[in-house]
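Below is one structure, written out as structure tokens, with a few remarks after it.
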Amino acid sequence: MKALLSLRFAYRHFRSSFSAMALSMIAVALGVALVVAVRLMNAAVLQGFLDTADATAGRAALVIAGDEGTSFSDQIATQVSAVPGVRLAVPLVRGVAFPDDNSGELLTVHGIDLANDDAVRVYHVRRGTDALVDDLIEFLNQPDSIVLGRQFAESRGLTIGNTLKLVTPIGVKPFTVRGLLDPQGTARVLNGRLIVMDVAAAQPIFGASGQVNQIDVVTDPGEDIEGVREAIVHILPSGIRVEQPAVRKQVFRRALAAFQTMLSAFSLLAMMAGFVVCYGRLQGIFETRTWEIGLLRAVGLRRARVFTELLKEALLLGMGGIAVGIPLGIAIARWSLPVLAQTTALNFSLPIPAIAEPPIGDAPLFGAMVGIAAALAAALAPAARLARRSPVAALSMLGRETPGAAPISRVSVLAFAAVLLALIAAQTLLRLPALGLATTAMMVIGAAALSGPMIRGLIGWFQGSFGRLSPTARLVVAHLKRTPRGTALTVTTLGIGLGTVIMIGTLGWSFERSIVTMLTERYAASLVVTSAFVRGGYESAPVSERLVRELAEVPGVAAVAGEQHRRISYQGASVVLAAFDSSCFRGSTVCAWRLTRPIDGALDLVADGKAVVVSPSFALQFGAKERDHVRLSSSSGDVDLIIAAITPGQPESAIILARDVYVRLWDDPLITWAHVATTKEADPNVVADRIRRGLAGKYRLRVLSSAEMIQYFAAQVREAFSLQHLLEIVTLFLVVVGVGDTLAAAVATRRRQFGMMRAIGLHRTRLFRMVMLEGMAIGLLGVLLAVGLGVALSTFWVQVQFPALLGWTLEQYVPLVFVVAAGTVTVALCLVGALIPSIRAASLSPVVVLRGE
Amino acid sequence: MTDTIIRLRGVRKSYGTGEQAAIALNGIDLEVVRGEFVSLMGPSGSGKTTLLNVIAGLDVPDTGSVVLDGVDLSTLADHQLADLRLQKLGFVFQSFNLIPALTVEENVSWPLEFAGHPRAEVRRRVSESLERAGVVGRGARYPGEISGGEQQRVAIARAIATGPSILLADEPTGNLDSLTGQKILDLLQGLNQSQRVTVVMVTHNVLAATYGDRTLEVQDGRIIRDVRTPDRGRGAKAAAEER
Numbered sequence: 004m005k006a007l008l009s010l011r012f013a014y015r016h017f018r019s020s021f022s023a024m025a026l027s028m029i030a031v032a033l034g035v036a037l038v039v040a041v042r043l044m045n046a047a048v049l050q051g052f053l054d055t056a057d058a059t060a061g062r063a064a065l066v067i068a069g070d071e072g073t074s075f076s077d078q079i080a081t082q083v084s085a086v087p088g089v090r091l092a093v094p095l096v097r098g099v100a101f102p103d104d105n106s107g108e109l110l111t112v113h114g115i116d117l118a119n120d121d122a123v124r125v126y127h128v129r130r131g132t133d134a135l136v137d138d139l140i141e142f143l144n145q146p147d148s149i150v151l152g153r154q155f156a157e158s159r160g161l162t163i164g165n166t167l168k169l170v171t172p173i174g175v176k177p178f179t180v181r182g183l184l185d186p187q188g189t190a191r192v193l194n195g196r197l198i199v200m201d202v203a204a205a206q207p208i209f210g211a212s213g214q215v216n217q218i219d220v221v222t223d224p225g226e227d228i229e230g231v232r233e234a235i236v237h238i239l240p241s242g243i244r245v246e247q248p249a250v251r252k253q254v255f256r257r258a259l260a261a262f263q264t265m266l267s268a269f270s271l272l273a274m275m276a277g278f279v280v281c282y283g284r285l286q287g288i289f290e291t292r293t294w295e296i297g298l299l300r301a302v303g304l305r306r307a308r309v310f311t312e313l314l315k316e317a318l319l320l321g322m323g324g325i326a327v328g329i330p331l332g333i334a335i336a337r338w339s340l341p342v343l344a345q346t347t348a349l350n351f352s353l354p355i356p357a358i359a360e361p362p363i364g365d366a367p368l369f370g371a372m373v374g375i376a377a378a379l380a381a382a383l384a385p386a387a388r389l390a391r392r393s394p395v396a397a398l399s400m401l402g403r404e405t406p407g408a409a410p411i412s413r414v415s416v417l418a419f420a421a422v423l424l425a426l427i428a429a430q431t432l433l434r435l436p437a438l439g440l441a442t443t444a445m446m447v448i449g450a451a452a453l454s455g456p457m458i459r460g461l462i463g464w465f466q467g468s469f470g471r472l473s474p475t476a477r478l479v480v481a482h483l484k485r486t487p488r489g490t491a492l493t494v495t496t497l498g499i500g501l502g503t504v505i506m507i508g509t510l511g512w513s514f515e516r517s518i519v520t521m522l523t524e525r526y527a528a529s530l531v532v533t534s535a536f537v538r539g540g541y542e543s544a545p546v547s548e549r550l551v552r553e554l555a556e557v558p559g560v561a562a563v564a565g566e567q568h569r570r571i572s573y574q575g576a577s578v579v580l581a582a583f584d585s586s587c588f589r590g591s592t593v594c595a596w597r598l599t600r601p602i603d604g605a606l607d608l609v610a611d612g613k614a615v616v617v618s619p620s621f622a623l624q625f626g627a628k629e630r631d632h633v634r635l636s637s638s639s640g641d642v643d644l645i646i647a648a649i650t651p652g653q654p655e656s657a658i659i660l661a662r663d664v665y666v667r668l669w670d671d672p673l674i675t676w677a678h679v680a681t682t683k684e685a686d687p688n689v690v691a692d693r694i695r696r697g698l699a700g701k702y703r704l705r706v707l708s709s710a711e712m713i714q715y716f717a718a719q720v721r722e723a724f725s726l727q728h729l730l731e732i733v734t735l736f737l738v739v740v741g742v743g744d745t746l747a748a749a750v751a752t753r754r755r756q757f758g759m760m761r762a763i764g765l766h767r768t769r770l771f772r773m774v775m776l777e778g779m780a781i782g783l784l785g786v787l788l789a790v791g792l793g794v795a796l797s798t799f800w801v802q803v804q805f806p807a808l809l810g811w812t813l814e815q816y817v818p819l820v821f822v823v824a825a826g827t828v829t830v831a832l833c834l835v836g837a838l839i840p841s842i843r844a845a846s847l848s849p850v851v852v853l854r855g856e
Numbered sequence: 008m009t010d011t012i013i014r015l016r017g018v019r020k021s022y023g024t025g026e027q028a029a030i031a032l033n034g035i036d037l038e039v040v041r042g043e044f045v046s047l048m049g050p051s052g053s054g055k056t057t058l059l060n061v062i063a064g065l066d067v068p069d070t071g072s073v074v075l076d077g078v079d080l081s082t083l084a085d086h087q088l089a090d091l092r093l094q095k096l097g098f099v100f101q102s103f104n105l106i107p108a109l110t111v112e113e114n115v116s117w118p119l120e121f122a123g124h125p126r127a128e129v130r131r132r133v134s135e136s137l138e139r140a141g142v143v144g145r146g147a148r149y150p151g152e153i154s155g156g157e158q159q160r161v162a163i164a165r166a167i168a169t170g171p172s173i174l175l176a177d178e179p180t181g182n183l184d185s186l187t188g189q190k191i192l193d194l195l196q197g198l199n200q201s202q203r204v205t206v207v208m209v210t211h212n213v214l215a216a217t218y219g220d221r222t223l224e225v226q227d228g229r230i231i232r233d234v235r236t237p238d239r240g241r242g243a244k245a246a247a248e249e250r
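Those sequence lines, one after another, are chains A and B. Sequential numbering of the first sequence, starting at 4, is according to the numbering used here. Sequential numbering of the second sequence, starting at 8, is according to the numbering used here.
Next up, the structure:
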């Protein structure tokens, strides 16, 4: 038993072939690093958002709220207070503001009843009986009074009594600091970027009089929370929900799960590339020791023992890989976390959470398991093949290559293809994240299995079509054709690696182009006016709808349409509500809509508030079509609207309607964008300047041309996909490692052949050229496989997986320039990887090599 | 006047430095006449293979001169030595050293292609060489699909395809059974006699040595004996008699 568990024998071999195994260890390490980094980042980002949810909820047992950003009457708080079991019903106004110093720093505003100490303590834990403000009377008498997070105040050199100018939805306003919040509770989570003010003072600025965004409920001790919740439900108007904070956290988890699944899939694809590198190398290493295995068997070792010892070597390789990969993954996570937090916020229009050091959690253990599993899996087939070989046959293999496995039969290929098609069809219908990942993995495995036949077919075609190859090229082609196993593994590594890069690049490009196309087609107005500050993701801070009226009075302005976006809950799913002023639907001076199969007078109906337009994602998600009805519910009532048309181009699940209807239902007087069409005679640049001079100062606005707005959104998308660059770098590094490793092994196993060729009279330069040509051929074959795999994967993800995971419908755009560039870089990297083996081959001394004769 | 094709004068070669230095050749003087069949015999480590490598220009002697068909090898650059080997020398190795990825025909043709011969010429020479080497109907097979004896014949065909004036053979029968080995020796002798190809062959086998005109005994890096074989072609007859 002791001998069975001992690693001593395996360690000796591992040590002696360390240089051969080193590159495989790097491949495993890179794969593990990505897996660990993504897992760490996903956990940290999720925890960040959950902490935000926790801090927002404070000590509340139940939270009453409408859809994101919507408000309702504060009288509901009074009604809720009367429900048995409710100890406290605390109305809360939430908003955002920015310091008027162009820093763009977002401050969260809480408007609460400061006179009610119990209400204050729901959110803001304080030591002992310390008051939040020294003089409450003065505080309440001055509507400009605020309490500021201590951390933020200290960073700005502010103290009690100082004035702070803030950009609010109704313009720039000065506020007086009358209290400081210690970094606890909500203030801690938001790193001090928190303002607390009286609810009555907050309502006219950040909402509307008599309206609140949230009511937090504290129940009596020992009360059945679920019972109280059900009692509250009965008195609430439609469109307002009551739930436990934990449920809200579940909403976050579900919303993020799909996005994080996508990231995990990308990291696992990189791990698969590492696995293939490992498999190829271990196979080569084990093969060179076939005779030694024959010796061990002849001496008396059992097959199972031989198999186990070979697996132990792979285990050591895996352990080496994870020893490097795990710390590397932690470092990558620390470095990339801000980017991922921003990307996630961008995708879900959330404020970027304050995330400190990522908690380590189970990521290292998961990474270790994946790394060890990959190394062991890579060794299984070669070790089993070797252990099965008869000792006599093995002993005769000294210096000779072992025959490969039987080629895959046509029946197997057809069966595999049938299974794959069935999976794709199933995923189209079922939309399960796990099924999509399995399908993706099967596509990659299929590409790997087909690489050998593809190489043979292509080389055969090449030989037939280009008979007059140079002698060097003929030798290279003959070698590649007759050693398909080694070539196929490297080509597979290349194919999977570069294919993943092409897939991610295509997804990012498709998203960017879809957005740009939609914006370009939809917005006909010459100018777009928005806040200079960003509320969350790519959403600008809200501005009062008064801006629309003021813009209309600017000379040279022909028409103005305000736009507001909100996420609402519709039939249990989250959809975007995009509300436009009616001028956007009448005529085409402000907006121009591309509609499929519109009903008669579709846009007029929408402008009149009788109909809506929906996105293809919405139609797909809810099985909706023209003439179906949409029922929108809010605290102000319900409305039934007909679907007038579907408008392509909008990736998310969206309902587009007139802003009059939106304001009526949700009482939201704010807009995010104002689209300004100028008169024919007016110069848009001149009008833009007038707006900047007249209004930008009051509201802190940006005035963009349509092209600038489109570029802004395109840049946001690029930033959202910026993590792909990390995956690209790691993958391309794996490519160089894989190719260099394969060619180095090929040169090593063909030393005698090269020595003989030199002895017979081949120039060094010809040998050099031969190996370089081999590297280039492998690169070209790999690029071919990668393009096929990349296009197939991206088509699957754009058409099936993205709609399933994220509810997005995109139009597929293949970034040809990117694909060509990536292919060229890959071939160039293959040449780089081939350089040292080529030099080694050319430098071989025939005397030294042949002395082994 | 004799036509000396190989001339070595005062050739010394050692490996390593200082106390670790091993003397492989210790002052070799040798002349081989065109068309001779010379066998080199000696125990392991005596310097036979080193001598062969020096003759081929694969190894550079520390001192002394090597003149091959009138060309002093010390005046040639590395690529010129390679060209010389391609055009004037043929190599036969103990382990055949055929390229596994190439067919029999391709294994014979590639040196011709690299020497720049036209395709028609290449095809003709390949066909003739294989026929001369006694390999018929195996052109499309791969080395792994033919016997050891056939592989060595193919290796000989490769060596003679370029029309070399000197054939260097390092233990050509070392990996073959005695009957097959004898056939290979018959082939080499046939080439020597019919084509006037100068053959220098390293061998451990006394019987093989009798196929040549001369046998040089090498020991400790020196030629200690140079014996002429009185009855050329005795080898085959002697072998038949012994059987």
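Cβ atoms here follow ideal geometry from the backbone N, Cα and C, with glycine treated the same way.
query, result
"Where does E684 (chain A) land, buried or exposed, given buried means 16+ other C-beta within 10 angstroms?", "exposed"
"Comparing alpha-carbon positions, which option in A:L33, A:P651, A:D103 lies nearest V616 (chain A)?", "A:P651"
"So with CB distances below 8 Å, who are the chain A contacts of A63 (chain B)?", "A762"
"Considering only DSSP beta bridges, list what H678 (chain A) is partnered with.", "A:V531, A:A564"
"Would you list, in sequence order, the uninterrupted alpha helix (DSSP H) runs of no fewer than 4 residues that lie entirely inside the stretch 431-488 of chain A?", "436-468, 474-485"
"In chain order, which alpha helix (DSSP H) runs of at least 4 residues are fully inside the stretch 72-105 of chain B?", "85-95"
"Three-state secondary structure (DSSP) at N33 (chain B)?", "strand"
"Are V35 (chain A) and D744 (chain A) closer than 8 Å when you measure CB to CB?", "no"
"On the DSSP bridge assignment, give the partners of A648 (chain A) in chain order.", "A:V616"
"Is the beta carbon of I674 (chain A) closer than 8 Å to that of V801 (chain A)?", "no"
"Distance check for R148 (chain B) and H16 (chain A), CA to CA, integer angstroms please.", "37 Å"
"So what does H113 (chain A) bridge to, in DSSP terms?", "A:R97, A:V199"
"If you reduce the DSSP assignment to three classes, tell me which class D137 (chain A) lands in.", "coil"
"What is the DSSP secondary structure of F588 (chain A), counted as helix, strand or coil?", "coil"
"Taking all protein chains shown into account, decide if G402 (chain A) is buried (16 or more other Cβ within 10 angstroms of its Cβ) or exposed.", "Only weak support exists for where G402 (chain A) lies, its pLDDT of 49 falling under 50; the value from the coordinates is given anyway. Exposed."
"Count the other C-beta atoms from every protein chain shown that fall within 10 angstroms of the C-beta of W862 (chain A), then say buried if there are 16 or more, exposed otherwise.", "Outside the modelled stretch of chain A, which goes from 4 to 856, sits residue 862 (chain A), for which no answer is possible."
"Run through DSSP, which three-state label would H728 (chain A) get?", "helix"
"Under the three-state reduction of DSSP, which class applies to T162 (chain A): helix, strand or coil?", "coil"
"Leaving out five residues on either side along the sequence, give the residues of the same chain with a beta carbon under 8 Å from the beta carbon of A260 (chain A).", "P436"
"If R92 (chain B) sits next to I763 (chain A), beta carbons under 8 Å apart, how far is it from one beta carbon to the other, in whole angstroms?", "6 Å"
"Near F103 (chain B), what residues of its chain come up, given a Cβ to Cβ distance below 7 Å and the 5 sequence neighbours on each side ignored?", "Q158, Q159, A162"
"Exposed or buried, G500 (chain A), counting other C-beta atoms within 10 Å across all chains shown (16 or more means buried)?", "buried"
"Considering only their Cβ atoms, is the gap separating P654 (chain A) from W811 (chain A) smaller than 8 Å?", "yes"
"Do you know how far the Cα of C587 (chain A) is from the Cα of A32 (chain A)?", "54 Å"
"Quick one: grab the DSSP three-state call for K190 (chain B).", "helix"
"Please confirm if E856 (chain A) has its CB atom under 8 Å from at least one CB of chain B.", "Low local confidence applies: a pLDDT of 47 at E856 (chain A) is under 50, so the model's placement there is unreliable, with the coordinate-based value given in what follows. Judged by the 8 Å Cβ criterion, E856 (chain A) is in contact with chain B."
"Would you say the stretch 490-505 of chain A touches the stretch 781-788 of chain A, given that touching needs at least three Cβ pairs under 8 Å?", "yes"
"Looking at the structure shown, is S212 (chain A) part of a helix, part of a strand, or coil, going by DSSP?", "coil"
"Distance, Cα to Cα, Y218 (chain B) vs T210 (chain B)?", "11 Å"
"Please classify D104 (chain A) as buried or exposed, where buried requires at least 16 neighbouring CB atoms within 10 angstroms.", "exposed"
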